[in-house]
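Read left to right, the sequence shown gives residues 73 to 167 (my numbering). Where a beta carbon is used, it is the ideal one built from N, C-alpha and C, also for glycine. First comes the structure, then the notes that go with it.
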Amino acid sequence: MQSEGIGTFEQAMATLKTVPPEALRAAVYTVHRERDGRGVIKLDQTKSPPNPAWSKRTAINFLKRYARDRPGGQVLEHFERLDALLQGVMRSTRT
């Protein structure tokens with residue numbers, strides 16, 4: 073992940089911090105079809121494939137790149153919100 077990617081991730085985490093986890097879990101995320109037929113979820117300007125592998129990669133990248141230099145309490149708080157977001161995304165893909 074490039075430094076600008078980390079900055080973008082920090083901005084995303086700051087935004088997630090303003091939303092209660094319950095709201096992230098309950099939100100309805102829309103799946104769009106690409107021209108090639110793939111389904112994608114669009115979160116702001118980022119397109120993400122709606123599958124468990126994407127969720128796992130996102131969580132791993134969070135822990136490996138973002139969380140390693142943060143205080144434990146902050147990491148836990150941010151991870152709880154990220155987890156809530158991923159739960160909402162995956163729930164939306166099932167419907």
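- Taking the C-beta atoms as reference points, Leu88 is found nearer than 8 Å to Arg153.
- In the DSSP assignment, Val103 falls within the unbroken beta strand (DSSP E) covering 103-105.
- The three-state secondary structure of Gly111, taken from DSSP, is strand.
- Per the coordinates, the alpha-carbon of Ile132 lies some 11 Å from the alpha-carbon of Phe151.
- In the three-state reduction of the DSSP assignment, Arg163 falls in the helix class.
- The alpha-carbon of Ser127 is positioned some 23 Å away from that of Pro143.
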